[in-house]
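Chains as they are written, first to last, in my numbering: chain H, 158 to 403; chain E, 158 to 403.
Every residue, glycine too, gets a C-beta built ideally from N, C-alpha and C.
Note that the coordinates shown come from a computational prediction; the quantities given were computed from them, not determined experimentally.
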C-alpha cells in the first residue's frame, strides 16, 4: 500500500524532507494535499489533509503537517517520520548506535531549520513577515553571522570524523540525514545566497556531500520533475535580500 | 555502570527532562558537571563536560548539552536521549506504534520548550535578554495568547483521547512524555504565572496529570531533594513579569 504524505500543497517546507526520502528510495506514495479532490471520490486535496488533521476520531492526531499515514499508523513530526520510514526505505544503517547517531544528526538539522525559519518570523507565525521586519533583521544577523557557521561546521566535523570516509554523514551509504542536509544547503543557498556562500566556503566536505546527494539517480530525476516545487516566499527558506547579511 | 549525564550545572534547562526520567526510574547516574573536579581524579565538574564536548577523538560529538554517556555510546538531543533510555528505564510501552506516538508527543513538547525559550531570546542566544527586550515583549505576547493555549489544548486532547483512560498521555502507565509534560507545566507556571493559569484553566486533564506525576514516589522524593535545582533566570523558563501577558 502506498504511503500517504500530508503536507501543504504549495510549498516545500518541512514536507520536503519526507518527500526526498520517499523519492530517493523509490517508495510509492500519494502526496495527498497536492492531489485533486475530484468527483472520482479519491478524497485528495488540501481539504482532505485538513479533514484528516481535524478528525475527532483520530486517536493520534498530529500537532501540524507534515504527517504520514502508513495504513493505520499516523506519524507526525518530520524527524520522527524519517526515523520511522528509514529502516524500510533502507536509508539508515542496521545497528542501534548507527541509528541513534543518524537521528541525532537529523534532530540537529531540524533545530537549524527552525532557526532559519525564525529569521523571517522572530515574533510569531501568526503575523506576516511585513509586520516583523525590524526584528527579522536583527535575528537574521545573528543567524547569518553566528548560528549558520556554527551549525555548518558541526556537520562538516561530523563528515570529517566519519570512520567510513567523508562521502556521507554516517557510514558509507546515503542515509535520510544526508538527504536532509542536502535540502538544508539548498534552502540556505536560496534564502541567504551571500551568507551561505561565505559559510560554505569553510565546509568543503558537506558541499561535496550535497553534490553527491543531488547526483543520486532517483534524487536527480525527482529534482528535474514537476513533483519538486520551487522555493518561494511561503516556505521555511525565503529570499528576502535584506536578511542575507554578511 | 552508571549513566553519565552532561549538562550545565546551575540551571534546570533541557537537562532536567533527562534528569526526571533517570530519577523517576531510580536509575544510577552521575550528573557530571555538578560534581567536583577534585584531586581524587574523578574528573567531574563543568570542565569535564566541556573536555568531553570538545574532544577531537569523539566520533559522535553532540552539538550541545545535554548529552548522555552510556558506556561507549554518546547520545545528544534531549528527545533522543529520552527515546534511547526509555525502554531500559521502562518509561515507554513495548509496541512500535506506542513508541512512535510517545516520541511524537515528546517532540511536540520539545517544540513548545523551544518557543518558551525564545520568548526571552527572540533575536538570539548570543545576546542578553536586556538587549532584546522590545522584541521579547512582542514574541511573548504571541506565545502567551496563541501558542501556549494551542499547544496545551493539543496535550489535553491527547490525554482525553487516550483509549486506556485519562491518567497519562499514552496507555495506563507513566512514560517519559508524562514526565516532560509535568516539567513543561512547572516551567510555564514559573515563567508565566498569569498566562499559564488562564490557559491551564481550559485543560483540566493535563493539570491532573501534572499532579499525578508529581506524586509518583521517586519523583516526589527527587523534587524534595537538593538534586532538584530551583528555576532561575539562566534557564529556559525565566520569570520576567513583563513577558507574562494575558
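Per-residue burial, residue i [other beta carbons within 10 Å of its own, 16 or more giving buried]
| i | result |
| --- | --- |
| residue 382 (chain H) | exposed |
| residue 169 (chain E) | buried |
| residue 319 (chain H) | buried |
| residue 212 (chain E) | exposed |
| residue 392 (chain E) | buried |
| residue 208 (chain H) | exposed |
| residue 276 (chain E) | buried |
| residue 360 (chain H) | buried |
| residue 371 (chain E) | exposed |
| residue 321 (chain E) | exposed |
| residue 344 (chain H) | buried |
| residue 167 (chain E) | exposed |
| residue 180 (chain H) | buried |
| residue 313 (chain H) | buried |
| residue 285 (chain E) | exposed |
| residue 253 (chain E) | exposed |
| residue 306 (chain H) | buried |
| residue 144 (chain H) | The structure shown has nothing for residue 144 (chain H), since chain H only spans 158 to 403. |
| residue 295 (chain E) | buried |
| residue 292 (chain H) | buried |
| residue 348 (chain H) | buried |
Same chain only: Cβ atoms within 7 Å of residue i, ignoring 5 sequence neighbours per side
| i | result |
| --- | --- |
| residue 346 (chain E) | 353 |
| residue 228 (chain E) | 158 |
| residue 231 (chain H) | 215, 217, 219, 224 |
| residue 350 (chain E) | 401 |
| residue 235 (chain H) | 171, 174, 175, 223, 267 |
| residue 189 (chain H) | 161, 162, 163, 201, 205, 206 |
| residue 379 (chain H) | 180, 385 |
| residue 289 (chain H) | 278, 279, 280 |
| residue 373 (chain E) | 181, 331 |
Contacts around residue i, its chain only, beta-carbon distance under 8 Å, and the 5 residues preceding and following it disregarded
| i | result |
| --- | --- |
| residue 342 (chain H) | 353, 357, 363, 364, 367 |
| residue 326 (chain H) | 259, 262, 312, 315, 316, 319, 332, 334, 335, 338, 366 |
| residue 377 (chain H) | 371 |
Enclosing alpha helix (DSSP H) for residue i [first to last residue]
| i | result |
| --- | --- |
| residue 225 (chain H) | No alpha helix (DSSP H) holds residue 225 (chain H); the beta strand (DSSP E) holding it covers 224 to 227. |
| residue 376 (chain E) | 374 to 381 |
| residue 316 (chain H) | 305 to 317 |
| residue 339 (chain H) | 333 to 348 |
| residue 217 (chain H) | Per DSSP, residue 217 (chain H) belongs to no alpha helix (DSSP H) and is neither H nor E. |
| residue 400 (chain H) | Element bounds for residue 400 (chain H): n/a, residue is neither H nor E. |
| residue 368 (chain E) | 361 to 371 |
| residue 394 (chain H) | Run containing residue 394 (chain H): none; DSSP gives neither H nor E here. |
| residue 209 (chain E) | 203 to 210 |
| residue 280 (chain E) | Taken as a continuous stretch (DSSP letters only), residue 280 (chain E) belongs to no alpha helix (DSSP H), as it is neither H nor E. |
| residue 179 (chain E) | 172 to 182 |
| residue 292 (chain H) | 290 to 299 |
According to DSSP, residues forming a beta bridge with residue i
| i | result |
| --- | --- |
| residue 162 (chain H) | H:188, H:225 |
N-terminal and C-terminal residue of the beta strand (DSSP E) that residue i is part of
| i | result |
| --- | --- |
| residue 270 (chain E) | No beta strand (DSSP E) holds residue 270 (chain E); the alpha helix (DSSP H) holding it covers 253 to 277. |
| residue 232 (chain H) | 230 to 233 |
Same chain, Cβ closer than 6 Å to residue i, neighbours up to 5 away in sequence not counted
| i | result |
| --- | --- |
| residue 172 (chain E) | 164, 223 |
| residue 241 (chain E) | 232 |
| residue 243 (chain E) | 249, 333 |
| residue 403 (chain E) | 351, 352, 355 |
| residue 183 (chain E) | 375 |
| residue 238 (chain H) | 175, 225, 232 |
| residue 187 (chain H) | 159, 161 |
Residue i Cβ short of 6 Å to the ligand ZN heavy atom set
| i | result |
| --- | --- |
| residue 169 (chain H) | In the structure shown, the ligand ZN is absent, as is every other ligand, since no ligand is present at all. |
Any chain B beta carbon closer than 7 Å to residue i
| i | result |
| --- | --- |
| residue 325 (chain H) | The structure shown has no chain B; the protein chains it does contain are H and E. |
Segment contact flag, the stretch 292 to 301 of chain E with the stretch 266 to 284 of chain E, C-beta cutoff 8 Å, min 3 pairs: yes
Stretch pair the stretch 278 to 285 of chain E + the stretch 253 to 262 of chain E: three plus CB contacts closer than 8 Å: no
Cβ contact check for the stretch 235 to 254 of chain H and the stretch 322 to 332 of chain H: 3 or more pairs under 8 Å: yes
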